[in-house]
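Residue 110 in the UniProt record's numbering sits at position 110 of the sequence shown, and the numbers go up by one each step. This report refers to the structure that appears directly beneath it.
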Amino acid sequence: MIRLVRIPLPRRTAEYLKTYGAKVEAADDRRTTAEKLWRHNRTVRTKVHPELMRTLGRMAAGHERCMYCGDNQGCAIDHFEPVVVNPLRAFDWANHLLACTVCNSHCKRDAFPRDERDGSPLLLDPTREEPLRHLHLALSVGTYTALSVKGEKSIEVFGLNRPVLVKGRTEAYTRARVFLGQWQSAHRRGDEAAADRIVHLAWNQPLADVLASMFHQAVHPAAAVLFAGEEDLLPVLTDQSTRAAFGRDLPAADPPIATEADTPMP
């Protein structure tokens, strides 16, 4: 899971959402009304859903990758806060994410854990916060560990450590190293067009969270430990020209990563 930037909807689509959101708010049975409008209303299905999918696809990593697992193509509009939990957010643009069938229909479904103290969500919304502050990716083995309760619940609900993702991340790590080497070669020989193509290809691979984690961990105070045995990567990942070329809003370094036993939970 990587940080994503929410972009504005086309004006007409935003107006549709406002109109149907008002219908839900005015209804006596908000849940039934929201579900009926979302699933069965002709205008919603033919005019709202397609534009939401297009806009979410533009926001997503790679080629319309799922915003949760980052592996499969996103093929569904997920309500981050499910309609059954809060029907008033059924037509709230800030509540819509792009998800694959596995994450949306098999893993998350209507799950929405909350903090017992203040009711705040305990799942990560990558359009609202930096997931890497809650999740640590062990690059060499492809598994996530939690740095917070949000990270723990997100791993559990989204199935972020299911075997196919773990295997995919280890392969993505190898691919990322190849891309970085190719970028260095192109940059050194002054072929900036080729270097730019390599950057584009690298970020458009499935599981872009691996590449983001590599850059994130390279500037971490514990980087020497995190890349033990692979110290050759650190000069590449920390080089300012490399970081500028790969150009995403890479997260700043956090305090040293704690062990599971001493990681504070919010």
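For every residue, glycine included, the Cβ atom is placed at its ideal position computed from N, Cα and C. Note that the structure is predicted; figures quoted are calculated from it, not measured.
For the segment 62 to 78 against the segment 17 to 33, do three or more pairs of beta-carbon atoms, one drawn from each stretch, fall closer than 8 angstroms, so that the two count as touching? Too few Cβ pairs lie closer than 8 angstroms, so no.
With 16 other Cβ atoms within 10 Å as the buried cut-off, status of I2: If you number the sequence shown from 1, residue 2 lands on position 2. I2 comes out buried.
Can you give me the C-alpha to C-alpha distance between V236 and P206, rounded to a whole angstrom? If you number the sequence shown from 1, residue 236 lands on position 236. If you number the sequence shown from 1, residue 206 lands on position 206. Each residue's alpha carbon lies about 22 angstroms from the other.
Around the C-beta of G142, are 16 or more other C-beta atoms found within 10 angstroms, so that it is buried, or is it exposed? Translated into positions along the sequence shown, residue 142 becomes position 142. Under this definition G142 is a buried residue.
Put R133 into one of helix, strand or coil per three-state DSSP. For the purposes of this step, residue 133 is identified with residue 133 of the sequence shown, where counting begins at 1. If DSSP states are grouped into helix, strand and coil, R133 belongs with the helices.
For T170, list the residues DSSP reports as bridge partners. Working through the sequence shown from its first residue, we reach residue 170 at position 170. Paired residue(s): none; T170 is not in a bridge.
Neighbourhood of H96 by C-beta distance below 8 angstroms, restricted to the same chain and skipping five residues each side: Working through the sequence shown from its first residue, we reach residue 96 at position 96. Counting only Cβ-Cβ distances below 8 angstroms, and skipping sequence neighbours, we find L52, L56, I77, D78, H79, F80.
State the start and end residues of the unbroken alpha helix (DSSP H) segment that holds L226. For the purposes of this step, residue 226 is taken as residue 226 along the sequence shown, with counting starting at 1. 223 to 226 is the extent of the alpha helix (DSSP H) around L226.
Helix, strand or coil: which one does DSSP assign to R109? In the sequence shown, counting from the first residue as 1, residue 109 sits at position 109. Look at R109 here: in three-state DSSP terms it is coil, with no helix or strand label.
Is the beta carbon of A34 sitting closer than 9 angstroms to the one on V83? Sequence index remark: in the sequence shown, residue 34 carries index 34 (1-based). Sequence index remark: in the sequence shown, residue 83 carries index 83 (1-based). A contact, by the Cβ cut-off of 9 angstroms.
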